[in-house]
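Just below is one structure, and these are the notes that go with it.
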């Protein structure tokens, strides 16, 4: 294996172990950063929705209905091959 950065000089076993260790550390740090960013994103989405609700309240708009799963996800998966009755031409492009 050659060293990173475009050099054609092969790496020793010790250098390869060090490189793999460094890369594993970088991966761990990046995974932690991604998890923190996801948490921050989730919190910002909640704050954004709260602000939207407050704006709607101040404008005297009706409140947002509570979110309930529709249950259509399961039905859509089961009926993926369903076709309507009658003379229907389906063109797949």
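Numbering (UniProt numbering), first residue to last: 1 to 93. Ideal placement from N, C-alpha and C gives every residue a C-beta, glycine not left out. For clarity, every value in this text was computed on a predicted model and none was experimentally measured.
| request: Compute the Euclidean distance between the alpha carbons of residue 37 and residue 48, then round it to the nearest angstrom. | output: Counting from one through the chain shown, the residue named residue 37 turns up at place 37. Counting from one through the chain shown, the residue named residue 48 turns up at place 48. Going by C-alpha positions, residue 37 is about 16 Å away from residue 48.
Cβ neighbours of residue 57 in the same chain (closer than 8 Å, five flanking residues each side left out): Here the question's residue 57 lines up with position 57 in the chain shown. Correct list, in chain order: 63.
(message) Can you look up residue 61 in the DSSP assignment and give me helix, strand or coil?
(response) Numbered from 1 along the chain shown, position 61 holds the residue referred to as residue 61. Correct three-state label for residue 61: coil.
Indicate the three-state DSSP secondary structure (helix, strand or coil) for residue 70 in the structure shown. Taking the chain shown and counting its residues from 1, the one referred to as residue 70 is at position 70. In the structure shown, the three-state DSSP call for residue 70 is coil.
Could you tell me the distance, in whole angstroms, from the CA atom of residue 31 to the CA atom of residue 22? Start at 1 with the first residue of the chain shown, and residue 31 comes out as number 31. Start at 1 with the first residue of the chain shown, and residue 22 comes out as number 22. Whole-angstrom Cα-Cα distance: 14 Å.
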